[in-house]
Amino acid sequence: MKITIFGSGYVGLVTGACFSEVGNEVLCVDIDEKKIARLLKGEIPIYEPGLDTIVAENLREGRLRFTTSITEGVDFGLYQFIAVGTPPDEDGSADLSHVLSVADSIGRNMKDYRIVINKSTVPVGTADLVRETIRTVLTERGREFDFDVVSNPEFLKEGDAVDDFMKPDRIVVGVDNPRTKELLRNLYAPFNRNHERFIAMDIRSAELTKYAANAMLATKISFMNEIANIAELAGADVEAVRRGIGSDSRIGFSFIYPGVGYGGSCFPKDVQALERTARKLGYDARILSAVEAVNHDQKETLVSKIRDHFGGDLKGRVIALWGLAFKPNTDDMREAPSKRLMESLWREGVTIRAYDPVAMDETMRIYGDRNDLVLVENAEEALKGADALAIVTEWMIFRSPDFGQIRKSLRHPVIFDGRNLYNPDMVEQMGISYYSIGRLPRLVN
121 MKITIFGSGY
131 VGLVTGACFS
141 EVGNEVLCVD
151 IDEKKIARLL
161 KGEIPIYEPG
171 LDTIVAENLR
181 EGRLRFTTSI
191 TEGVDFGLYQ
201 FIAVGTPPDE
211 DGSADLSHVL
221 SVADSIGRNM
231 KDYRIVINKS
241 TVPVGTADLV
251 RETIRTVLTE
261 RGREFDFDVV
271 SNPEFLKEGD
281 AVDDFMKPDR
291 IVVGVDNPRT
301 KELLRNLYAP
311 FNRNHERFIA
321 MDIRSAELTK
331 YAANAMLATK
341 ISFMNEIANI
351 AELAGADVEA
361 VRRGIGSDSR
371 IGFSFIYPGV
381 GYGGSCFPKD
391 VQALERTARK
401 LGYDARILSA
411 VEAVNHDQKE
421 TLVSKIRDHF
431 GGDLKGRVIA
441 LWGLAFKPNT
451 DDMREAPSKR
461 LMESLWREGV
471 TIRAYDPVAM
481 DETMRIYGDR
491 NDLVLVENAE
501 EALKGADALA
511 IVTEWMIFRS
521 PDFGQIRKSL
531 RHPVIFDGRN
541 LYNPDMVEQM
551 GISYYSIGRL
561 PRLVN
C-alpha cells in the first residue's frame, strides 16, 4: 500500500518507519528542509531505541522516502496521515494550525479519492474541521473529489514506540462509513494477526479516547504523588503503600510510582487540552484541574527539600544532577522535571553539574552555554565538587551506584532522590543522608 505521512517528528517518523517495515511504500513529508536532509542521510533527529535501524534498512530498500514536496506527498498515497504537532495554545488548548494547514494542502493538491487520517492528538471535533477545510478548498478550486476523514490516535510510549507500534495493545479507528473501516482494517492487518486489536468506533469517540487514556494515566501519577505527600507527613512509607494497593488487580502497579511529577510531550499537554475542551463545553472538569495542579506543585518537591536541608540559603551551592530527560530511553525534555528543578535552583544562585545518557545535546540546545550549568561526561564526574546529589530520571545506570564513591565525592554526603531508587536503610548505613518521595528523610550526622 502507498502511504503518505505529513510530519516527520516523533509520531510521524515512527509511524512511517513501522509501516514501511511490513512492506508498505511510505513517503514522509516535512517542510523542515534541514530535517529532511538529515533523514535522507539516515540520521535520526530524535532518540528512540530501534528506530534508527528500521529507518536505515527501509530507506536502503526504497520502501521509505522523505521529501519536502507537499504536492508529491498528496499525489503519492491513498492513505494521507496527518502527524504534525498540536502544541498548547496560549490558553492551554491544542493549537490546530498545523493540522488544518496540512488539510488545506491536501485539498489544494488532491486529484482523486484520498483517506485523510488524523494521527495527531487533537480535540473532539477536529475531524469535522479537517473535512470542512478540505471541502472549502475543493469548492474554491471548482473541483469535486470524494474523500474520507478518519481519526486514528497513536498510543506510543517514548522509549518503547517501535514495539508499541509493531505490537499494539489496541488499534483505535474512528470512521463514519463501512468502506473506510475496511480500508483501515486492511492497512493495519500486519499488526493485528495474533489476536483482535482493531477497535472501530465513531470519529468523536476515537478523538476522545486518546485524551481520556492519557488523562487517566496522568491521574494515577498525580494521585500517587498526593498519597506520597500524605505518607511523608504521616510517617508512613509510600513504597509499602504502593505495593499494598498495586497488588489489587483492579488497580495494578502501572503508573503508581511516586516521584517529582510527569513530563514529556503528551501528558501535560493533553490534560490541559482536555480540561480546556470541557470548559468550552460548559463543564468544570475538576479532577483534570487537580491532576494538573498537583503535577505542577510536585515538580518543586526536591527544590523544597534541598532548600530546607541547607537552611534556606542556596547561593553558591553546587548540585550534581543525575537525569535530564523526562523519562528513561528518550532525549525528550519537554516539561521535564529536571527543567523546573534547574531553573528554580538557578534563581537561588545554584550551579548545576548534570549528566544524562542521551539528553545532553538537547539540554545544550535548550539552555546554551551558561556559567551555572556544567554538562559532564558521566555520572561520577557530576559529583566532583558538588554539595549534594539530586536524581530526577530513573535511568538503569543510576540504580546501583557506588555509594562509597558518592560519599567521598560530595562536600556534604546527601542524596535527594526524586524517583525512590534506593533503600533508605542501605543509604543511611553508607553514611549518606537520604531524602526521597513519600518517605521520612534519613539524616546522618
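Numbering of the sequence shown is given in the numbering used here, commencing with residue 121 and proceeding in unit increments.
Positions of the beta carbon are idealized from the N, C-alpha and C atoms, including for glycine.
Legend entry - Pro-208 (DSSP reduced to helix, strand or coil): Residue state for Pro-208 is assigned as strand, using DSSP reduced to three classes.
Legend entry - Nearest neighbour of Gly-469, chosen from Gly-488, Arg-437 and Asp-537 [CA to CA]: Gly-469 has its Cα closest to that of Arg-437, out of Gly-488, Arg-437 and Asp-537.
Legend entry - Arg-473 burial status per 10 Å Cβ neighbour count (16 or more: buried): Arg-473 should be labelled buried.
Legend entry - Strand pairing of Trp-442, partner residues [DSSP]: DSSP output for Trp-442 lists Tyr-475 and Ile-511 as bridge partner(s).
Inset, instruction - State buried or exposed for Asp-476, treating a residue as buried only when at least 16 other CB atoms are found within 10 Å of its CB. - result: Around the beta carbon of Asp-476, 16 or more other beta carbons sit within 10 angstroms, so the residue counts as buried.
Legend entry - CA-to-CA distance, Gly-372 to Val-270, given in whole angstroms: Distance from the CA of Val-270 to the CA of Gly-372, rounded to the nearest whole angstrom, comes to 33 Å.
Legend entry - Residue range of the unbroken beta strand (DSSP E) whose run includes Cys-148: Start and end: 145-149.
Inset, instruction - Can you tell me which of the three DSSP states Arg-290 falls into? - result: Per DSSP, reduced to three states, the secondary structure at Arg-290 is coil, with no helix or strand assignment.
Legend entry - Cβ contact check for the segment 204-216 and the segment 240-258: 3 or more pairs under 8 Å: Yes: at least three Cβ pairs fall under 8 Å.
Legend entry - DSSP three-state assignment for Leu-276, whether helix, strand or coil: DSSP, reduced to helix, strand and coil, places Leu-276 outside both helices and strands of the structure shown, so it counts as coil.
Inset, instruction - Specify the secondary structure class of Tyr-487 as computed by DSSP and reduced to three states. - result: Tyr-487 sits in a helix when the DSSP states are folded into three classes.
Inset, instruction - Return the CA-CA distance between Phe-275 and Glu-497, expressed in angstroms with no decimal places. - result: Straight-line Cα distance between these residues: approximately 33 Å.
Legend entry - Straight-line Cα distance separating Ala-356 from Val-146: Cα atoms of Val-146 and Ala-356: separation of roughly 54 Å, rounded to the nearest angstrom.
Legend entry - Simplified DSSP state of Asp-537, which is helix, strand or coil: Looking at Asp-537 - three-state DSSP - the assignment turns out to be strand.
Inset, instruction - Determine whether the Cβ of Glu-274 lies closer than 8 Å to any Cβ atom of chain D. - result: Judged by its chain identifiers, the structure shown contains no chain D, having just a single protein chain.
Inset, instruction - Name the residue from Phe-139, Pro-169, Asp-232 and Arg-180 whose alpha carbon lies nearest to the alpha carbon of Leu-159. - result: Nearest of Phe-139, Pro-169, Asp-232 and Arg-180 to Leu-159, Cα basis: Arg-180.
Legend entry - Nearest neighbour of Asn-178, chosen from Leu-495, Ala-410 and Gly-143 [CA to CA]: Closest option to Asn-178, Cα to Cα, is Gly-143.
Legend entry - Pick from Lys-504, Pro-448 and Phe-375 that is closest to Met-517, judged by C-alpha positions: Note that residue 517 corresponds to Ile in the displayed sequence, not to Met. Minimum Cα distance to Ile-517 is reached at Pro-448.
Legend entry - Presumed contact (8 Å Cβ cut-off) between Val-414 and Asn-345, rounded CB distance: That pair is a contact at about 6 Å.
Inset, instruction - Determine, using beta carbons only, whether Gly-294 and Met-321 come nearer to each other than 8 Å. - result: Yes, the pair counts as a contact, with Cβ atoms nearer than the cut-off.
Inset, instruction - Alpha carbon to alpha carbon, how far is Thr-450 from Tyr-199? Give it in angstroms, no decimals. - result: Just so you know, the alpha carbons of Tyr-199 and Thr-450 end up roughly 29 Å apart.
Legend entry - Check whether Gly-197 and Lys-122 have beta carbons under 8 Å apart: Yes, the pair counts as a contact, with Cβ atoms nearer than the cut-off.
Legend entry - Per-residue DSSP class, three states only, for Phe-196: Correct three-state label for Phe-196: helix.
Legend entry - Residues that DSSP places opposite Leu-184 in a beta bridge: Partner(s): Val-146.
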